[in-house]
Amino acid sequence: MEEEREIAANKLGVSVDVSYEEALKILNPKVAALDALILNTPHPEMKQKYVQKRNEFIHAFNVLFPGHPVPITKEPEILPIEPEPAQLPYYEPPKELPVKSETGDRSAPQKKIKWHKLAIVIFLIVLIASSLFVIFELKSDKSGRLLVHSDSDCIVYIDGIERSRLSANQERMLSIPLGDHVIKAVGVEMKDSWQDTVRIYPKGQMIVDIKLQSITAKRVALKKAEKEGQRKQKEQSVNQPVISSPKEPQPEKRSLTREQLVIIRDKYNRGRQEYDQGNYFEAVGYLEYAAKLGDVMAQCYLHYIYMRKETGSYNLQKAKEWALKAVNHQDNEFDYSENKTNLMYNLGLIYGLFSDKKNYIESEKWFRKAAKRGHSDAQYNLGLFELAGYVSGRPNPIQAEYWLLASSKQGNEKALEKLFQLGMMYYNGDTEGVPKDIRKAKEIWEELDAIGYWKASSALKDLILENY
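For the sequence shown, position 209 matches number 255 in the working numbering, and the numbering has no gaps at all.
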């Protein structure tokens, strides 16, 4: 009997020897809050859970006070919620009440607050808040610092996205996510380019020194040396007889004429017309002619035809070959197009999901390239790879959260559900590679709640009831 009373007291959050009136003061707010949740929750499973919680509180009260009547026994009647007309809230202006003075005059004004004391309090609050913010930033491992320095005017791209414009001998600090990133700089006047791959670590700072003028100076020096060598060779050829020597045959550089370019464009247009009409067999003939001569859009559409089974020309090997040719095509306009991003995502599907011999390393590489360019499904699949540890051999829930959240912010329903499940893994702590961390689960659900995911809102309400 005493053990049951201790369990009931812990359930209500009171001591065993609490009085009836004090226990009633604690019980009534809990039951009132649950009644409000039962009436306003539209989901049946959540409503049943709140009813069960309410009955447990009432049962605990009955165990503590068996000889007293329970004031709340009936479950609230669930009525349909009718929409109320929107009304602006009305606020009455505060009225200053008279204060009784020492002489008995009740109309004497209130004692004024000393403003210098209030200013000191506000200053201390701001100082404490800024200190906490700095500590949080120092402990955060979600992003790193990149210090970029350039010796000439240039535009800096990170993973194909313009991030900054630098003048000559200018430095700029950039904040970017952790991991590998492709840094590219294009000169404004000289049109030179510089590119490198860097890895950003937590709590560290990467320094990148862009030297475009040195590249130009090197090219000028090479041209001068080449001209000087040609001049000396001509001077020697005047005084010495010419001796012929065998030369290896050099491959001819194919330069397309204007007429050939017109034919290629005509073949592509006709192939695209057949593709739009669903005549895939005829489209392949036109598109292959243009694709073999280097038309990147023809290569894209050939990949789409061989990728889809309903075209009747399903061939994963050919789909992969044309996709690789297209993504390696050197074209500034195509480099930043959505078609190239889709091809990278499809290559990830071919290597990791569709092929009989799966290559998760190649699949992860192409998914990561597409994810950095903002492809929502690629971000979702990369999050699954990180959570399962396909490439590294062990789960990485931190990176999985980063990519799943990026996909969720673009409205990907699968990513929203998977990120919610990751929060449940942290909450339960029964998944390999994901430790039990209720604080981390709460952070994930708060991010989902900010997006508007209803399951996260319900989970946060349960945490409040469990005093978290």
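We treat Cβ as the ideally placed atom computed from N, Cα and C, and that holds for glycine.
Values in this document were obtained by computation on a predicted structure and should not be read as measured data.
For Ser-213, the secondary structure class from DSSP, reduced to helix, strand or coil, is coil. Here Asp-377 carries a coil assignment [DSSP, helix/strand/coil]. Cβ-Cβ separation between Glu-408 and Tyr-436: approximately 11 Å, too far for a contact (criterion under 8 Å).
Inter-residue distance for Tyr-472 and Val-480 is about 6 Å (C-alpha atoms, whole angstroms). The criterion of a C-beta distance shorter than 7 Å is satisfied by Ala-344 and Ala-336. If you look at Gly-469, you'll find it in the alpha helix (DSSP H) that goes 459-474. Distances from the alpha-carbon of Asp-205 to those of Leu-220, Asp-226, Glu-217 put Asp-226 closest.
When secondary structure is reduced to three states using DSSP, Arg-218 falls in the strand class.
Distance from Phe-103 to Tyr-66 at the Cβ level is roughly 15 Å; contact not present, criterion being Cβ atoms closer than 8 Å. Note that the C-beta distance between Val-232 and Ile-201 is below 7 Å. Contact annotation: Val-373 and Leu-389 have beta-carbon atoms nearer than 7 Å. The C-alpha of Val-62 is placed about 26 Å away from the C-alpha of Asp-81. A residue is called buried once 16 or more other Cβ atoms fall within 10 Å of its Cβ, and Gly-469 is buried on that count. If only uninterrupted alpha helix (DSSP H) runs of at least 4 residues are considered, those enclosed by the stretch 392-447 are 406-418, 422-434.
The three-state reading of DSSP puts Glu-208 in strand, counting E and B together.
Around the beta carbon of Gly-429, a 10 Å sphere encloses 16 or more other beta carbons of the protein chains shown; the residue is thus reported as buried.
Residue burial is scored here from C-beta neighbours: Ile-444 has fewer than 16 other C-beta atoms within 10 angstroms and is therefore classed as exposed. According to DSSP, Thr-303 shares a beta bridge with no other residue. Beta-bridge partners assigned by DSSP to Tyr-203: Glu-208, Lys-230. In this model, Lys-386 and Lys-482 are separated by some 40 Å (Cα to Cα). According to the DSSP assignment, His-105 belongs to the alpha helix (DSSP H) that extends over 90-110. Around Ala-424, the same chain offers Tyr-391, Phe-413, Ala-416, Ala-417 as residues with beta carbons nearer than 6 Å, after the five sequence neighbours per side are excluded.
The C-alpha of Trp-491 lies about 34 Å from the C-alpha of Thr-243. Within the same chain, and ignoring the five residues on either side of His-375 in sequence, the residues whose Cβ sits closer than 8 Å to its Cβ are Gly-340, Val-342, Gln-345.
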